[in-house]
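Chemist: Can you read through this structure? Questions will come right after.
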Amino acid sequence: WALQRMAHPDGERATARGATAAGALMTVSTTSTVRLEDVAAVDDSPRWFQLYRVHGSHYTDDLVHRAAAAGYRALVVTVDLPVLGRRLRDVRNDFDLPEGITLANHPQVLQADGVDLQTALGRVETASWTFTDIAHFAALTPMPVVVKGVLRGDDARRCIDAGARAVWVSTHGGRQADPAVASAVALAEVVAAVGPDTEVYVDGGVRRGSDVLTALALGARAVFLGRPTAWGLATGGADGVRDVLDGLSADLAHTMALCGVPSVDDVTRDLVTPA
Numbered sequence: 389w390a391l392q393r394m395a396h397p398d399g400e401r402a403t404a405r406g407a408t409a410a411g412a413l414m415t416v417s418t419t420s421t422v423r424l425e426d427v428a429a430v431d432d433s434p435r436w437f438q439l440y441r442v443h444g445s446h447y448t449d450d451l452v453h454r455a456a457a458a459g460y461r462a463l464v465v466t467v468d469l470p471v472l473g474r475r476l477r478d479v480r481n482d483f484d485l486p487e488g489i490t491l492a493n494h495p496q497v498l499q500a501d502g503v504d505l506q507t508a509l510g511r512v513e514t515a516s517w518t519f520t521d522i523a524h525f526a527a528l529t530p531m532p533v534v535v536k537g538v539l540r541g542d543d544a545r546r547c548i549d550a551g552a553r554a555v556w557v558s559t560h561g562g563r564q565a566d567p568a569v570a571s572a573v574a575l576a577e578v579v580a581a582v583g584p585d586t587e588v589y590v591d592g593g594v595r596r597g598s599d600v601l602t603a604l605a606l607g608a609r610a611v612f613l614g615r616p617t618a619w620g621l622a623t624g625g626a627d628g629v630r631d632v633l634d635g636l637s638a639d640l641a642h643t644m645a646l647c648g649v650p651s652v653d654d655v656t657r658d659l660v661t662p663a
């Protein structure tokens, strides 16, 4: 998730430390408030870089090269944000970045005379993603490409055929188009479409260990979350992030024990029944 210095002065650095302490993987946003190189330098834990297309293709390719040089382990190409969602609460509240906080990875989108956050993000996110772009990034970088924001099985299959190594089922937290199909509903179709040799990840509304177990049973190989770590960061910095992730892991272990499942390798589809 983006703009983390709005939650805590250390921003993405603190989240990186908390994720490492909890043994979790962090995905660093294009729109982070700390430079991607500075987040990578926090420690040697593996991290992924999440990519939006920046206005002007050379900026986007430059971000990919920077992420690879900084040691990121995968490139997460986000395709569910062709334009910024019309988030009425943000519009009504005149949501903007506080003084001293900026989009650290590409300050060129913020002019010297200043622009509001919505305008700046509009320069970052453009509507031109195609399957050809997936192939472009797969050829551009040694990092494996993960396509994030996939909700249909046929789209997932085309992403893999274009060169992606994995797909990530996501609705962007429901903040782009709130009538969109839920990640939990889309997950099984995507898993079936790409087959057992392709990893599928998921996020969206994960709050408890039972949510994680359900996602694993439906075929996800990893489960991601954003908002709970934002709460942890805001209230406790790196320690707060660690506590949120540790608590979720403990709740998962407890739920698995109640279901008679000794390890995640033993999670099976029959743990989930149709509604």
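Here the sequence shown is numbered in our numbering, starting from 389 and rising by one per residue. Here a beta-carbon is modelled for each residue, glycine too, at the ideal position from N, C-alpha and C. All of these numbers come straight from a predicted model, not from anything done at the bench.
1. Secondary structure at Trp556, three-state DSSP: helix, strand or coil?
2. What three-state label does DSSP hand Glu577 in the structure shown?
3. Quick check: the Cα distance between Val569 and Leu539, rounded to an integer number of angstroms?
4. Less than 8 Å separating the beta-carbons of Thr559 and Leu463?
5. In its own chain, which residues sit with a C-beta less than 7 Å from the C-beta of Gln392, not counting the 5 before and 5 after it?
6. Would you report the Cα separation of Val579 and Glu487, rounded to the nearest angstrom?
7. I need the straight-line Cα distance from Phe612 to Asp591, nearest angstrom please.
8. Please classify Arg596: does DSSP put it in a helix, a strand, or coil?
9. In angstroms with no decimal places, state the Cα-to-Cα distance between Ala605 and Asp549.
10. On the premise that Arg609 lies in contact with Val588, defined as a C-beta separation below 8 Å, what is that separation, rounded to the nearest angstrom?
11. Candidates Met531, Leu491, Val582, Ser651: which alpha carbon is nearest Val452's?
12. Within this structure, are the beta carbons of Val533 and Ala544 separated by less than 8 Å?
13. Which one or two residues does DSSP pair with Ala462 in a beta bridge?
14. Using CA coordinates, which residue listed in Arg553, Gly583, Leu601 is at the minimum distance from Ala572?
15. For Arg630, tell me which candidate among Trp436, Tyr447, Ala412, Met394 has the shortest Cα-Cα distance.
16. Among the residues of its own chain, which have a CB less than 7 Å from the CB of Gln499, if the five just before and after it don't count?
17. Are the beta-carbon atoms belonging to Ala395 and Leu633 less than 8 Å from one another?
18. Does DSSP put Thr408 in a helix, in a strand, or in coil?
19. Use the C-beta contact count for Val652: other C-beta atoms within 10 angstroms, 16 or more gives buried, fewer gives exposed.
Modeler: From the atom records:
1. Assigned with DSSP and collapsed to three states, Trp556 falls in strand.
2. The answer is helix: DSSP assigns Glu577 an H, G or I state.
3. In this structure, the alpha-carbon of Val569 lies about 7 Å from that of Leu539.
4. No.
5. Answer for Gln392: Gly399, Glu400, Thr403, Ser420, Thr421, Leu621, listed in chain order.
6. Pairing Val579 with Glu487, the inter-Cα distance amounts to about 44 Å.
7. Phe612 and Asp591 have their C-alpha atoms some 5 Å from each other.
8. Correct three-state label for Arg596: coil.
9. Asp549 has its alpha-carbon roughly 25 Å from the corresponding atom of Ala605.
10. Their Cβ separation, rounded to whole angstroms, is 6 Å, which keeps Val588 and Arg609 in contact under 8 Å.
11. Checked all of Met531, Leu491, Val582, Ser651; the closest Cα to Val452 is Met531.
12. No, these two residues do not count as a Cβ contact at 8 Å.
13. In the DSSP assignment, Ala462 is bridged to Trp436.
14. Looking at the Cα atoms, Leu601 is the closest of the given residues.
15. Closest by alpha carbon: Ala412.
16. Confidence at Gln499 is low in this model, with a pLDDT of 45, below 50, so the placement of that residue is unreliable and no value is reported for it.
17. Cβ atoms of Ala395 and Leu633: not closer than 8 Å.
18. In this structure, Thr408 counts as helix in the three-state DSSP scheme.
19. Counting the other CB atoms within 10 Å of its CB gives Val652 a total below 16, which places it among the exposed residues.
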